[in-house]
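From first to last, the protein sequence lines stand for chains A and B. Offset between the first sequence (1-based) and the working numbering: plus 183. Offset between the second sequence (1-based) and the working numbering: plus 386. I have placed the structure first, in the form of C-alpha cells, so that the comments after it can refer back to it.
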Amino acid sequence: MMNRFDENTPQDRLVARASARLLLSAVAASDHEPGQATVSRADLWAYANREPGSLVNFMVEKAVRADPGIASRYHKLLMMKSRGMSIMAAAAYDNSATHRRLGDFTLDIVEEDGAPAALVIERLTDGVPAPTLIEAVSIEGIVRIALPAEVDRHIVLDLPAHDHERDLLRLMLANPTTGVYLL
Amino acid sequence: MAETRQDDASDARRSGLTVVVPTTAGAILIRGLRWTQKIPASRVVLGNETADQCERWTKEYNNLLRPGDPMRTLLGLPEGGGFRLVVTSEIDHGKSWIMPVAAGHFGSALGEALHTDIPRARLLIWTTGALDFSMAENASAAAIVPNDYQLVSKIDHSRELFATAAHAGTPVLCILPAGGDAERAATVLGKVLANQTHHVAIAGSLADLIGPLDGFLKGEDFSAMAARRTALVPIPKPEPRAKPAPEAAVEPPPVEPPVTQATPPPMGAYALAGDRPRALSQGLDSRKIGIIAAAALTLMGTGAGAYLLMQKPAPTPPVVVITPTPGTPGTPSSTLPQNTTLPQQTGPAQIAPTSTGTTVARLTVLAAPAGSSCQAQAYQMQPRFVETVVELTADKPFAEIDGNALCGLVVAGSGPVSARFLQSSVVGAVQSLSGTNRIIFNPGATVERLPVVSMEGGSLDKIELRRR
C-alpha cells in the first residue's frame with residue numbers, strides 16, 4: 184500500500200516520524216565515519232588512563248560504545264592494565280546476589296534493607312596490590328569509579344541509589360554481559 | 387549539676403540518640419550505625435551523596451572492631467560481620483573519637499538508633515577521649531589514654547549543638563576524659579549547660595562512660611546521677627564496700643552489728659559494680675542499684691554540710707565493710723569513696739601481720755593502683771586505690787606504714803574504741819575529700835609528717851604514724 188503523506192492521518196504522522204528518524208540516524212552514522220578515524224591510539228590510551236572525575240574525551244567514549252573495533256582495542260588496553268577483569272559473569276544469579284570472580288579478586292554486591300547497596304571486593308591472594316579503580320563497560324555506558332583503600336583484604340564501596348554514577352554501576356554489575364575491570 | 391527533666395511528657399515522642407564526636411575544628415555527628423553479617427570489614431563513611439569512605443578513620447575503626455576484639459566483647463556487640471558508621475565529616479587525626487563511637491555502639495546495642503536530629507533524640511551525648519583496649523578484660527580496664535584532649539576548645543565548637551538541645555529540651559550527657567583540663571572543662575560545661583537538663587561526669591575508663599549512659603537509657607533520671615556524683619566527688623560518702631567473693635574468706639566477721647541503719651544494703655552492690663572483672667551487664671545492673679541507693683543517701687542531707695551531720699548517725703550495716711576490715715560501729719563513716727575497693731585489679735588488699743596486742747583500730751592505707759597515680763585517682767569520680775590494712779594495737783604507741791605512693795589514710799576504731807585523726811596533726815590534706823576518719827593527701831604536696839590517730843574508749847588515747 185502506498186503512503187500518502189498529504190492525508191495527514193495519525194497513522195501517517197507516525198510513519199513520517201519513523202522515516203525521519205531512520206534518515207537522521209543514517210546521516211549521523213555517516214557523519215560519524217570520519218570522526219572515528221580521529222580517535223587515535225594516543226586518545227584511547229589517555230582515555231584508558233583517565234582519573235575518575237576528570238575531564239573525559241567524549242568522542243573516544245562515543246567511539247568505544249559505538250565501534251566494535253575500537254571497543255575491542257580499548258578492551259585489550261584495559262586487560263593489559265587491569266589487576267583483575269571479567270568480560271562476562273560466569274553465572275549471574277539475580278540482582279540481589281551478583282557474584283564475579285576477577286583474577287585474584289571476587290566481587291559481590293550486598294543489598295540489604297535500610298542501607299545502600301555495597302560493592303564488596305575481596306582479595307583472595309597475598310602479595311597482590313589492591314586495585315584503586317573499577318571500570319565497568321556495557322551497553323548502558325562506561326563507568327569508572329575510584330575505590331577506597333583496602334581494609335582486611337576487603338574493599339567496600341557504597342552504591343547509594345541517589346548518586347547517578349554509582350547507581351549505574353550497580354545496575355551494570357547486575358548485567359552478566361558487563362565487562363568489569365579492576366585497575 | 388543537673389536539673390530534673392521538666393518535659394517528661396515529650397519524652398515519649400523522642401527516640402534514638404545523637405552522638406557528638408567533638409573535634410577542635412568543629413563537632414562531627416554520627417548519622418547512623420549499622421551492622422551487617424555479610425561484610426566482614428568495618429568502615430566509616432561520610433553521610434554525603436556518594437557515601438565516601440573516610441580512609442584513615444576506617445582503618446583505625448576496623449582495627450578496633452575485628453571479630454573477638456575487646457571492644458566488641460565489652461560493648462556486647464555481635465560477633466562477625468562488620469559495621470558501617472556514617473558520620474557528617476572526616477577527622478584529620480587523633481583517636482579521641484573512640485569514646486563517642488563506643489557510646490554510639492553501646493546505645494545501638496541497646497536498641498537505640500543513632501541520628502542527627504537533636505530535637506527528636508532522647509539524649510545528646512558529648513564525649514571525647516581515646517581508650518586503650520590493649521589490656522582490657524573488662525570495661526574499667528579499658529582506660530582513657532592520658533592526653534591533652536583540648537576539651538575547652540571542643541566545647542566551644544559544640545555550643546551550637548548545646549543550644550539546639552536546650553531549645554528542644556533534649557538532655558545532654560557529657561563524659562569528659564579524666565586528667566588534663568577535665569576539671570576545668572567540667573566547670574565550663576556546667577556554665578554552658580546551666581539552663582538545660584544535663585549531666586557532666588569525668589571518666590577514667592569505658593565503665594565510667596557506659597555507667598551513666600546505661601542508667602539513662604534504662605530510665606534513670608539525671609538528678610539521680612547527679613546525686614551520685616555529689617555523693618562521690620565533693621564529699622566522701624560512707625559506703626565502704628563489701629569485698630568481692632575471693633576476699634570474702636579473708637574477711638573477719640563483723641565485730642558487732644551496726645549502730646544505725648542509714649545505709650541501705652544495696653549500696654554494697656554498687657561498689658562492686660564495674661570494678662570486678664565480671665560480665666559487663668551484671669556490673670551495670672548492680673551499679674544501677676547503687677545509684678538509687680546513693681540517691682537515697684543524698685536525700686538524707688542536702689549539700690556538702692550534710693555530710694558532716696551524717697557522720698554522727700553513723701550508717702554502717704554489717705555488709706558495709708572496708709575491704710577485709712570488719713564493720714566498725716564506732717566509726718561508721720569510714721568514709722571511703724564508693725569505689726575505693728578495686729583490689730582485685732591491683733592485687734588484693736593485704737593485712738599486715740597481726741601483732742600480739744589487741745587491735746584497737748584499723749588503718750587503711752590508700753595507695754595508687756599500678757599504672758596510675760594519686761593525682762589521677764584523687765579527682766576521679768570513682769577513685770580506685772590499693773588498700774592495705776594495718777591493725778593498730780594497744781601495745782604500741784606508734785605504727786609504721788609504707789610511705790610509698792601514699793594517697794590517703796582511713797582509720798576506723800575497733801570494738802568499743804572510736805578513732806579519728808587528730809586534726810591539728812593533719813598536713814597536706816585535700817579538704818574537700820577528707821574528713822575526720824579519712825585523709826586524702828594533696829597529690830602536689832610533700833607530706834613530711836604523718837598524722838596522729840586519736841582514740842577514745844581504749845587504753846591508748848593516741849597512736850603516732852610513721853613511715854617505714
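Backbone N, C-alpha and C define an ideal beta-carbon position, used for all residues, glycine too.
Contact check for L808/B against P837/B passes: the beta carbons are separated by less than 8 Å.
The closest CA to that of I253/A, considering only L365/A, L207/A, R224/A, L330/A, is found on R224/A.
Boundaries of the alpha helix (DSSP H) harbouring T573/B: 568-578, taken from the DSSP string. When the Cα atoms are used, P331/A and R470/B turn out to be separated by approximately 14 Å. Listed by position along chain B, the residues whose Cβ is nearer than 8 Å to that of A332/A are Q439, E441, T444, K445.
Under the 8 Å Cβ criterion, the stretch 402-418 of chain B does not count as touching the stretch 347-355 of chain A, having fewer than three qualifying pairs. Residues of the stretch 301-322 of chain A with a Cβ closer than 9 Å to any Cβ of chain B, in chain order: A301, V303, E305. Any Cβ of chain B closer than 8 Å to the Cβ of A344/A would place that residue at the interface, and such an atom is absent. In the three-state reduction of the DSSP assignment, H501/B falls in the coil class.
Less than 8 Å divides the Cβ of G843/B from the Cβ of S804/B. About 14 Å separates the Cβ atoms of W421/B and V430/B, ruling out a contact at the 8 Å cut-off.
For R458/B, the enclosing alpha helix (DSSP H) starts and ends at 456-461. Cβ atoms of S591/B and A529/B come within 8 Å of each other, at about 5 Å. Contact of T774/B with chain A is not assigned, every C-beta pair being separated by 8 Å or more.
At a C-beta separation below 8 Å, D335/A has these neighbours in chain B: P426, A427, N448, R452.
Under the three-state reduction of DSSP, E318/A is assigned to strand. Only those residues of the stretch 403-432 of chain B whose C-beta falls short of 8 Å from the nearest C-beta of chain A are listed: R420, T422, K424, I425, P426, A427, S428, R429, V431. The three-state reading of DSSP puts C760/B in helix, counting H, G and I together. Assignment of alpha helix (DSSP H) within the stretch 517-548 of chain B, counting only whole runs of 4 or more residues, yields 537-543 in chain order. Contact check for A495/B against L461/B passes: the beta carbons are separated by less than 8 Å. In the DSSP assignment, F602/B falls within the unbroken alpha helix (DSSP H) covering 592-603.
The three-state secondary structure of S265/A, taken from DSSP, is coil. The DSSP-derived three-state label of Q582/B is coil. Residues M355 of the same chain have their beta carbon placed closer than 6 Å to that of E323/A, with the five preceding and five following residues left out of the count. Within chain B, no residue has its CB atom less than 9 Å from the CB of R283/A, the nearest being about 16 Å off.
The Cβ-Cβ distance between F241/A and G267/A does not fall below 8 Å. Contact between I561/B and M457/B does not hold, since the beta-carbon distance rounds to 16 Å and is not under 8 Å. Between A516/B and A593/B, the gap from beta carbon to beta carbon reaches 8 Å or more. Residues of the stretch 483-508 of chain B that bring their beta carbon within less than 9 Å of a beta carbon in chain A are absent altogether. Contacts with chain A at 8 Å (Cβ-Cβ) include E435/B.
Closest in alpha carbon position to Y447/B, among T436/B, N434/B, G480/B, Q423/B, is G480/B.
According to the DSSP assignment, F241/A belongs to the alpha helix (DSSP H) that extends over 241-249. DSSP lists E305/A, V334/A as the beta-bridge partner residues of H337/A.
The beta carbon of R458/B does not come within 8 Å of any beta carbon belonging to chain A, so the residue lies off that interface. Distances from the alpha-carbon of L351/A to those of L366/A, E333/A, I338/A, V320/A put V320/A closest. Note on H345/A: under 16 other CB atoms within 10 angstroms of its CB, so exposed under the neighbour-count rule.
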